[in-house]
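Residue numbers (the working numbering), protein chains in the order written: chain A, 1 to 365; chain B, 366 to 564. Ideal Cβ placement from N, Cα and C applies to all residues, glycine included.
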Amino acid sequence: MSVFLTVLSLSALATILAAVVVAADYKLNNYGICAIDINNGTRVLEVNGGSSLLTSLSSQKVFIPSACGGKATCGLCKVTLVESAGPVLPTEEPFLSGPERDAGVRLACQLKVKHDLKILIPEELFNIKQYRTRVRRITDLTHDIKEFEFELLEPGSIDFKAGQYVQVDSKPYDKVPEPVSRAYSIASLPSEKNKVELIIRLVPGGACTTFMHNHVQEGDEITFAGPFGEFYLREGGDELIFIAGGSGLAPIRSLILDILEKKLDKKMKFFFGAVRKRDLYYVDFFRELAARHPNFTYIPALSGAVPEDAWDGEEGLITDVVARHVEDAVGKQAYLCGSPGMINACLQVLGKIGFEKKSIFYDEF
Amino acid sequence: MGNTPAISPFVIFLASMLTSNMVLVNFLGMCSFISVSKEFKTASGLGKAVALVMVFTTVFNWIIYHFVVVPLGLEYLRYLIFIIVIAATVQIIEMAMDRYLPDLHMKLGIFLPLITVNCAILGISLFMVIRNYGFLQSVLFGLGSGLGWWLAISALAAIREQMAGNELPRGLDGPAITFIITGIMALAFVGFSGIFVVM
């Protein structure tokens with residue numbers, strides 16, 4: 001009897017307190033309808049106050065890039081506020097430089113919508129849409145890298161610049177109860193508007209890569225938002241140096257194919273670094289491309305080849321290989337994609353060769 | 366409630382702030398005391414937030430204890446009940462602060478979630494029951510303990526800031542020297558007890 005009474009009264013108390021908290025949340029966290037003015041009246045959205053600016057905007061189909069999903073760890077979701085909306089929070093401080101703070105830049109994921117806001121966002125973000133897609137084909141490229149081909153269902157076509165990325169939404173699975181969204185670069189051609197190809201490496205313990213590798217089958221429906229990113233072909237540069245490692249090959253492949261398709265008058269050298277032969281992929285594809293196009297050179301390199309790899313190509317760290325093949329920086333641009341470690345090492349080597357910062361573009365993951 | 370001991374609430378207030386200081390004499394709330402005392406500004410912010418939450422939770426816990434827990438004969442469940450009341454109170458205070466006092470929320474709000482699990486807060490509610498305090502006594506006990514905790518962490522942070530540039534023997538840096546300082550401070554606070562003999 002007393003056990004019953006104990007359980008009952010404790011549950012009742014907890015329920016009452018929970019109800020009080022929910023009521024307080026409803027009453028105190030309710031800021032009514034707030035108007036968000038984007039780019040001086042280009043669009044005015046009406047949202048329910050109380051959520052973060054990032055969530056409020058995406059509920060109205062305005063997608064601000066965010067790789068961490070609103071945890072203030074990636075610092076991508078920067079927006080500019082025309083009128084101040086209170087002081088910068090301690091969680092935002094590491095991501096905002098002095099001039100940015102003076103200009104009113106805030107992280108959209110940390111800023112709570114409590115009243116009407118006036119914000120500025122880059123014009124091209126209006127081009128960002130959410131796409132419903134079907135997985136048409138999954139191909140194993142290496143032991144831990146797969147290629148996914150998505151057929152766009154709604155909307156049926158996408159406009160993007162070669163080198164940009166999309167944010168794929170995972171669905172709840174196993175021990176990951178919440179959907180997460182992660183950024184993956186597009187590997188296919190911008191002219192193929194009805195499909196998108198992504199190259200995804202399985203990251204041990206990665207929430208989204210594990211989902212994509214182990215819980216997605218051909219025929220499944222997946223949503224992603226895009227295109228995002230500042231990594232695309234820039235003006236100038238008669239000769240382009242591309243350097244990639246791992247799944248960093250994706251945006252580079254899109255860039256190279258785009259340049260060849262548009263018959264731009266540029267010389268291209270593509271360095272791809274891997275550890276062993278089993279980490280290489282698309283080798284035949286790029287060799288064949290190089291055979292057909294005299295202005296394109298493909299240089300794969302292994303840093304840890306073993307005898308059984310029977311490797312007769314370039315060996316050594318990708319930075320050393322680049323240093324051997326690129327003599328000077330005259331008229332050249334460099335495009336890099338890979339891990340932060342690889343990018344930093346390459347930035348140093350390219351600097352030594354004579355590349356200026358403004359002619360190096362990179363996308364790190 | 367009936368046989369309230371005849372200690373003046375004012376004496377309880379002074380005693381809980383100084384002679385029986387929560388952290389320096391009872392050693393409750395040590396984790397945040399040691400870890401958040403590097404900078405005076407943050408430490409003082411946390412101290413104020415603790416004081417605020419202590420007063421509110423003492424009020425709510427006193428009411429719930431005497432009007433719900435005792436009539437139902439559930440005294441043995443007071444640990445659980447106090448904890449959930451504290452958790453709910455902290456949540457509501459944070460929301461209210463965010464709404465009505467945004468400046469204060471900027472300064473204290475980020476500490477509030479840390480406070481839910483601060484054992485000094487639970488300690489106040491349990492002492493209040495064990496010592497059989499009345500309502501006014503409990504409120505002043507909560508306020509005094511809170512202010513005492515604030516005083517202690519502010520003093521510690523001020524000392525640590527002064528010491529920031531000093532060279533210490535290897536291994537004494539960080540928490541180790543902080544524990545030594547805390548010990549010396551505790552001796553000083555125990556010294557306050559002489560004052561009340563005279564009073």
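Could you check what DSSP says for residue i in three-state terms: helix, strand or coil?
{"i": "B/Pro540", "result": "helix"}
{"i": "A/Ile318", "result": "helix"}
{"i": "A/Asp174", "result": "coil"}
{"i": "A/Pro300", "result": "strand"}
{"i": "A/Asp140", "result": "strand"}
{"i": "B/Ala452", "result": "helix"}
{"i": "A/Lys157", "result": "Strictly speaking, residue 157 of chain A in this sequence is Ser, with Lys absent from that position. Of the three classes helix, strand and coil, the one that applies to A/Ser157 here is coil, per DSSP."}
{"i": "A/Leu111", "result": "coil"}
{"i": "A/Tyr31", "result": "coil"}
{"i": "B/Thr369", "result": "With a pLDDT of 48 at B/Thr369, under the threshold of 50, the modelled position of this residue cannot be trusted, and the question is left open."}
{"i": "B/Phe554", "result": "helix"}
{"i": "A/Ala274", "result": "strand"}
{"i": "A/Lys61", "result": "coil"}
{"i": "A/Glu364", "result": "strand"}
{"i": "A/Glu83", "result": "coil"}
{"i": "B/Leu379", "result": "helix"}
{"i": "A/Ser52", "result": "strand"}
{"i": "B/Leu512", "result": "helix"}
{"i": "A/Lys267", "result": "strand"}
{"i": "B/Glu459", "result": "helix"}
{"i": "A/Val3", "result": "helix"}
{"i": "B/Met564", "result": "Reliability fails at B/Met564, whose pLDDT of 45 lies under 50, so the model's placement of it is uncertain and no value is given."}
{"i": "A/Arg234", "result": "coil"}
{"i": "A/Asp169", "result": "strand"}
{"i": "A/Pro122", "result": "coil"}
{"i": "A/Gln348", "result": "helix"}
{"i": "B/Ser385", "result": "coil"}
{"i": "A/Tyr184", "result": "strand"}
{"i": "B/Tyr498", "result": "coil"}
{"i": "A/Gln217", "result": "coil"}
{"i": "A/Leu10", "result": "helix"}
{"i": "B/Val424", "result": "helix"}
{"i": "A/Pro367", "result": "Residue 367 of chain A is absent from the model: chain A starts at 1 and stops at 365."}
{"i": "A/Asp25", "result": "helix"}
{"i": "A/Leu255", "result": "helix"}
{"i": "A/Tyr335", "result": "strand"}
Does any C-beta atom of chain E lie closer than 8 Å to the C-beta of residue i?
{"i": "A/Thr73", "result": "Absent here is chain E; the protein component of the structure consists of chains A and B."}
Taking Cβ to Cβ, would you say residue i is nearer than 8 Å to residue j?
{"i": "A/Tyr131", "j": "A/Ile158", "result": "yes"}
{"i": "A/Leu249", "j": "A/Gln333", "result": "no"}
{"i": "B/Ile486", "j": "B/Thr422", "result": "yes"}
{"i": "B/Leu393", "j": "B/Phe557", "result": "no"}
{"i": "A/Phe242", "j": "A/Phe285", "result": "no"}
{"i": "A/Met342", "j": "A/Gly273", "result": "yes"}
{"i": "B/Ile446", "j": "B/Ile429", "result": "yes"}
{"i": "A/Val62", "j": "A/Leu125", "result": "yes"}
{"i": "A/Asp37", "j": "A/Val47", "result": "no"}
{"i": "B/Ser409", "j": "B/Ser510", "result": "no"}
{"i": "B/Trp574", "j": "B/Phe500", "result": "The requested residue 574 of chain B is not part of the displayed model; chain B covers only 366 to 564."}
{"i": "A/Arg182", "j": "A/Cys208", "result": "yes"}
{"i": "A/Ala301", "j": "A/Glu288", "result": "no"}
{"i": "A/Phe231", "j": "A/Met268", "result": "no"}
{"i": "A/Ala323", "j": "A/Ile353", "result": "yes"}
{"i": "A/Ile186", "j": "A/Phe160", "result": "yes"}
{"i": "B/Leu521", "j": "B/Ser373", "result": "no"}
{"i": "B/Ile377", "j": "B/Leu505", "result": "yes"}
Could you give the C-beta distance for residue i and residue j, rounded to a whole number, given that I count them as a contact under 8 Å?
{"i": "A/Ala72", "j": "A/Cys109", "result": "6 Å"}
{"i": "A/Asp265", "j": "A/Thr223", "result": "Not confirmed; about 39 Å, so no contact."}
{"i": "A/Gly229", "j": "A/Tyr165", "result": "5 Å"}
{"i": "B/Phe492", "j": "B/Asn386", "result": "Actually they do not touch by this definition, with Cβ atoms about 13 Å apart."}
{"i": "A/Thr133", "j": "A/Leu152", "result": "5 Å"}
{"i": "A/Arg201", "j": "A/Asp144", "result": "6 Å"}
{"i": "A/Arg101", "j": "A/Val88", "result": "6 Å"}
The ligand NAP and residue i: does any heavy atom of the ligand fall closer than 7 Å to the residue's C-beta?
{"i": "A/Gln217", "result": "Looking at this structure, you won't find the ligand NAP or any other ligand, since it has none at all."}
Contact set between the stretch 2-33 of chain A and chain B, restricted to residues whose Cβ is under 7 Å from the partner = Thr6, Ser9, Leu10, Leu13, Ala14, Leu17, Val20, Val21, Ala24, Asp25, Leu28, Asn29
The stretch 70-87 of chain A contacting the stretch 106-126 of chain A, beta-carbon criterion three pairs below 8 Å = yes
Three CB pairs or more closer than 8 Å across the stretch 409-419 of chain B and the stretch 537-547 of chain B = no
query = Between the stretch 87-98 of chain A and chain B, which residues of the former have CB atoms less than 9 Å from a CB of the latter, in chain order?
reply = Pro87, Leu89, Pro90, Thr91
task = Examine the Cβ distances between the stretch 315-328 of chain A and the stretch 348-364 of chain A and report whether three or more of them are shorter than 8 Å.
result = yes
query = Counting Cβ pairs closer than 8 Å, one from the stretch 427-442 of chain B and one from the stretch 7-18 of chain A, do we hit at least three?
reply = yes
Residues from the stretch 501-516 of chain B in contact with chain A, defined by Cβ distance under 8 Å = none
inquiry  = Any C-beta of chain A within less than 8 Å: which residues of the stretch 437-450 of chain B qualify?
reply    = Leu437, Leu439, Leu442, Leu445, Ile446, Ile449, Val450
Cβ-based contacts, 7 Å cut-off: residues of the stretch 464-486 of chain B near chain A = Arg464, Pro467, Met471, Ile475
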